[in-house]
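Report on one structure; see the data block that follows.
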Amino acid sequence: MPVSLLELIGDINPGQTVLVFGAGASVPSGAPSVADLVQDISQEFRIESGGLNLREISGLAEQKRSRQDVISIVRKRFSGLRAKGSILNLPLYGWKSIFTTNYDEIVEDAYKRAGRSIKVFSSNFDFTVQSDPNAAKLFKIHGTIDKDVVDGSLSRIIITDGDYDLTEEYREVLYDRLKADISPGVRVLIIGQSLADQDLRDVIQRSIAINQKMHNQGRIGLLLYERDENRAQLLESRGVRVAYGGLDDFIAALALKAQDHAPAQSRSGDLLDSQVVLRPGTKSIDDELKPEQANASAVFNGWPANYSDISGGLTFDRVVAGEITEYYSDSEKFVAVLLGASGVGKTTAARQVLLKLRGRGYDCWEHKGEHPLNERAWVEIAKRLKIQSKMGALLIDDAHTHLYEVNELVDRLASEGCTNFKLIFTSTRSHWGPRVKTPTMFSMGSEFYISQLSSKEIDNLLTLVETVPELRSLVESGFGGFSRYERRRRLIDRCEADMFVCMKNIFASEKYDDIILREYGTLSVDNQDIYRYVAAMEYAGIRVHRQLVMRILGLQANAISALLSGLADIITEYDVNPREGVYGWRVRHNVIAGIVAKYKFYDLDKLIELFGRVIDHISPTFDIEIRTIRELCNIESGLSVIPDKSVQNQLLRRMMSIAPGERVPRHRLIRNLIDLGEFEKAESEIRIFEKDFGKEAPTARYRILLMIARATETPGLAQEDRMVILQQARELASGAVVRYETNKYVLGAYCELGIETFKLTGSHEVFDEAMKLLKRAESRVGDPDVTKMVVRYQRRISGQSVVDRDSTGLSGGK
2 MPVSLLELIG DINPGQTVLV FGAGASVPSG APSVADLVQD ISQEFRIESG GLNLREISGL
62 AEQKRSRQDV ISIVRKRFSG LRAKGSILNL PLYGWKSIFT TNYDEIVEDA YKRAGRSIKV
122 FSSNFDFTVQ SDPNAAKLFK IHGTIDKDVV DGSLSRIIIT DGDYDLTEEY REVLYDRLKA
182 DISPGVRVLI IGQSLADQDL RDVIQRSIAI NQKMHNQGRI GLLLYERDEN RAQLLESRGV
242 RVAYGGLDDF IAALALKAQD HAPAQSRSGD LLDSQVVLRP GTKSIDDELK PEQANASAVF
302 NGWPANYSDI SGGLTFDRVV AGEITEYYSD SEKFVAVLLG ASGVGKTTAA RQVLLKLRGR
362 GYDCWEHKGE HPLNERAWVE IAKRLKIQSK MGALLIDDAH THLYEVNELV DRLASEGCTN
422 FKLIFTSTRS HWGPRVKTPT MFSMGSEFYI SQLSSKEIDN LLTLVETVPE LRSLVESGFG
482 GFSRYERRRR LIDRCEADMF VCMKNIFASE KYDDIILREY GTLSVDNQDI YRYVAAMEYA
542 GIRVHRQLVM RILGLQANAI SALLSGLADI ITEYDVNPRE GVYGWRVRHN VIAGIVAKYK
602 FYDLDKLIEL FGRVIDHISP TFDIEIRTIR ELCNIESGLS VIPDKSVQNQ LLRRMMSIAP
662 GERVPRHRLI RNLIDLGEFE KAESEIRIFE KDFGKEAPTA RYRILLMIAR ATETPGLAQE
722 DRMVILQQAR ELASGAVVRY ETNKYVLGAY CELGIETFKL TGSHEVFDEA MKLLKRAESR
782 VGDPDVTKMV VRYQRRISGQ SVVDRDSTGL SGGK
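In terms of my numbering, the sequence shown opens at residue 2 and continues consecutively.
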């Protein structure tokens, strides 16, 4: 039988509660009921409403006149609505997530008026990385009132049966998110008007089905405004607790239950108190210095040293750390970019810099790479530091994964004159060099490189191993038996002073691959499966986390603890977003992940199958999985290891279907189609892209390259036709470089056009024009990669000129 409202919410914890709103949640703020909408459409379109639901009558009205007219009459009912009454208190509680079947924007209005951040999902184009990890998430199952295809929007108000058919994949993704949110201890509370509402009944049925598949881990409560004893009894028999009342009753009861639901933010003197949005994604170095966390095995296993390891003397000083520290002291420049290959100690060296700066009175932080970078909030921190005449520093590891935000941050700090806030970025040359950076990055910063150990560093490393008992006990006996001179000689001669190889030779004399493979062989079959999948995904650049592995391998939540115990020191779990139940998994070092991936996914078909499984199991409502889509498109890893671009394209199209709002897979598909000579398909993809997102630099570049390819590679064209196409490409390029005058890739495409024009006509005019613009960008931007492009294109045109002279007998000689 139904329970009282107080019983329903008796042990409710907002942070562990998923709210699902039906029509009843919006009625107190003046929103129309489903019956109201049916009646309005019936009267306006003169359709008898007897027995018809909203989907049916909307479909008939659309056929009778137009969708524009249907949407217009529906919007009239929602015009001017604002949140009223108890729903204004909704933002005071940190709900796990909110789902709604309503079109209105009352929830959004409540959050806006409360000054609380909320991210709204109303179509699959909203599946992209979010800038605020603290933002509440509102999933609108049936779209939102102000976005529809009649306005040219990519979102759709889901009102007719046809709309339901077209958006089935979008709704399935939302229900997948609901399934992910129903974890042990989580409550699902559904608030609606009446069980006569078909949409509400559908949501209830899906919630029950998900809960049953999750072995009843969550509990479902239903709060109804209208009594319906018979239907309520049927739901209770399936484990749903039913109470009667409205949203006002619920919020009032909740306020009485927990008077302290929204405590004021304490002011501890920590600058992050002023920008709480940064807390989930930021390490405060003061908080990281815990002597009990220092662990010598981090060095042995190849992990980057943590701050406690460094302050505890378990690392040796890297020369570059001192160079960057002094660079900050002697210059008004505030950007240092530390570049090096995986395993050479970039992260440890960068952390050494922060600790050195902390010793000089700096406030220091490190961004957690699994979270979005909120550049606006960091600018506010920098401005506060400037007002207080203090210095600060921020480390962003693998900065190429946040390059748009990094560019914005550098530009904003420069414009605000906040040179007191120092930035240190780490990356690899292969990821950093090709990407477009703001000119401010070069005018206000410098690049530093780390690879081989210097002579001084080798001495420091040997001294460290000899003097620290925790490390000395780990040294492999064969290496430990040599004199210091012999140890040093072997590290220099045999290892060529490579950091990771040096560490392998100090701590183990055997072939490292064999050690890893023997370790793999000692695991149970289940643990081997997890190990090889996690290693292969991590090595491919995929953001691995618990829920993704569970989906791919079909693991149950209650088995995770035991599995991780069996993989202790091999796979580590760490917090990404506990509120959303996201916990990252990683192998102890990327080089080790590469070894496991090399042997366990040596067959290309196995790797393709792995990528397919990952893509098919992506839930794009999670930021970390959107990042996975981007990393799979990486030019160094991911799909790039598949030589067949047709296979790549199949996987890219699957990504685009999951998250059509992501640009990166679309860029890669266009590039691949041009390379494959499928020009019409490439043109079609460019048109669709520009319709969805508008014109931008990458598509301008691809249009130029497409026309060059058509002119040079299409068989059977007369020379004058090829020249016409190249002339059209020139006109396109001239317009593009005006809009994107410092974009090196647009300018590079212009230079390519100049070379191909010279090949066909013998004229340098187009190339000279393009080179002039590229050299101007070189002086403005200061990017060393642009300088390399200038040299490369000059060599190429010189080579073509030599070929041309040879072919006409003008090269000299007798």
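All C-beta atoms, glycine included, are put in the ideal place defined by N, C-alpha and C.
Tell me the residue span of the beta strand (DSSP E) that contains residue i.
| i | result |
| --- | --- |
| Arg377 | Careful: Arg377 lies outside any beta strand (DSSP E), inside the alpha helix (DSSP H) at Glu376 to Ile388. |
| Asn221 | Reading the sequence as shown, one finds Ile at residue 221 and not Asn. Here the beta strand (DSSP E) through Ile221 covers Arg220 to Leu225. |
| Arg1 | Outside the modelled stretch of the chain, which goes from 2 to 815, sits residue 1, for which no answer is possible. |
| Ser452 | That residue, Ser452, is in no beta strand (DSSP E); it is neither H nor E in DSSP. |
Ordered along the chain, which non-local residues of its own chain (more than five positions away) have a Cβ less than 8 Å from that of residue i?
| i | result |
| --- | --- |
| Gln266 | Model confidence at Gln266 stands at a pLDDT of 42, short of 50, so the residue's coordinates are unreliable; what they give is reported in the following sentence. So the list reads Asp274 and Val277, once near-sequence residues are dropped. |
| Leu239 | The identity of residue 239 in the sequence shown is Arg, whereas the question assumes Leu. Answer for Arg239: Ile209, listed in chain order. |
| Leu565 | Ile572 and Glu574 |
| Arg319 | Gly346, Thr349, Ala350, Gln353, Ile451 and Glu458 |
| Ala263 | Note on Ala263: pLDDT 42, under 50, position unreliable in the model; no value is reported. |
| Val615 | Met538, Ile543, Leu549, Ile553, Thr629 and Leu633 |
| Ile675 | Ala683, Tyr703, Leu706, Leu707 and Ala710 |
Please name the residue in the options whose C-alpha comes closest to that of residue i.
| i | options | result |
| --- | --- | --- |
| Asp515 | Phe449, Ile593, Ile531 and Phe443 | Ile593 |
| Gly16 | Pro92, Ile425 and Ala24 | Pro92 |
| Phe426 | Lys180, Val336 and Arg172 | Val336 |
| Ser154 | Gly695, Asp722 and Ile616 | Gly695 |
| Asp164 | Ala233, Asp177 and Val150 | Val150 |
| Pro185 | Lys599, Leu549 and Lys97 | Lys97 |
| Lys423 | His401, Ala383, Thr439 and Thr441 | Ala383 |
| Leu340 | Arg207, Gly434, Ala598 and Leu167 | Gly434 |
| Gly31 | Val39, Lys85, Ile160 and Gly362 | Lys85 |
| Gly800 | Ile756, Leu190 and Pro666 | Ile756 |
| Pro1 | Ser332, Leu236 and Gln199 | The first residue shown for the chain is 2 and the last is 815, placing residue 1 beyond what the model contains. |
| Thr743 | Asp786, Thr402, Asp722 and Cys365 | Asp786 |
| Gly247 | Ala569, Thr622 and Leu223 | Leu223 |
| Val241 | Ala253, Arg188, Lys148 and Ala254 | Arg188 |
| Ala253 | Leu7, Arg377, Ile119 and Ile99 | Leu7 |
| Arg228 | Lys214, Ile221, Gln213 and Ala244 | Ala244 |
| Glu57 | Arg66, Arg68, Val39 and Ser73 | Val39 |
Might you give, ordered along the chain, the residues of its own chain that have their beta carbon closer than 6 Å to the beta carbon of residue i, omitting 5 neighbours on each side?
| i | result |
| --- | --- |
| Lys601 | Arg533 |
| Gly370 | Asp398 and Asp399 |
| Phe79 | Asp105 and Ile146 |
| Asn635 | Gly542 |
| Glu289 | Tyr308 |
| Pro33 | Arg78 |
Rounded to whole angstroms, what's the CA-CA distance from residue i to residue j? Just pull it up for me.
| i | j | result |
| --- | --- | --- |
| Ala256 | Arg83 | 22 Å |
| Asn90 | Phe690 | 41 Å |
| Pro1 | Arg781 | With the chain represented from 2 up to 815, any question about residue 1 goes unanswered, as that position is not in the structure. |
| Met656 | Ala536 | 21 Å |
| Pro305 | Glu539 | 16 Å |
| Asp37 | Gly25 | 13 Å |
| Leu358 | Ala394 | 8 Å |
| Ile48 | Lys77 | 18 Å |
| Ile191 | Gly418 | 50 Å |
| Ile709 | Gly678 | 11 Å |
| His403 | Glu367 | 14 Å |
| Lys599 | Ser156 | 42 Å |
| Ile798 | Leu754 | 11 Å |
| Gly783 | Glu109 | 44 Å |
| Asp530 | Leu396 | 35 Å |
With a threshold of 7 Å on Cβ separation, who are the neighbours of residue i within its own chain once the five nearest residues in sequence on each side are excluded?
| i | result |
| --- | --- |
| Ala342 | Thr429 and Ser452 |
| Ser59 | Ile42, Val71, Ile160 and Thr161 |
| Gly813 | Only weak support exists for where Gly813 lies, its pLDDT of 40 falling under 50; the coordinates are left without a value. |
For the alpha helix (DSSP H) holding residue i, just list the boundary residues, first then last.
| i | result |
| --- | --- |
| Phe126 | Looking at the DSSP string, Phe126 is not in any alpha helix (DSSP H), and its letter there is neither H nor E. |
| Glu324 | Val320 to Asp331 |
| Cys752 | Lys745 to Thr762 |
| Val550 | Arg547 to Leu554 |
| Val597 | Asn591 to Lys601 |
| Asn212 | Gln199 to Lys214 |
| Ile531 | Val526 to Tyr540 |
| Glu367 | Taken as a continuous stretch (DSSP letters only), Glu367 belongs to no alpha helix (DSSP H), being part of the beta strand (DSSP E) at Asp364 to His368. |
| Val174 | Glu169 to Asp182 |
| Thr629 | Asp624 to Leu633 |
Contained alpha helix (DSSP H) runs [length at least 4] in the region 670-729, N- to C-terminal order: 680-694 and 698-714
Unbroken stretches of the alpha helix (DSSP H), 4 residues or longer, contained in the region 39-115: 55-65, 68-79 and 107-115
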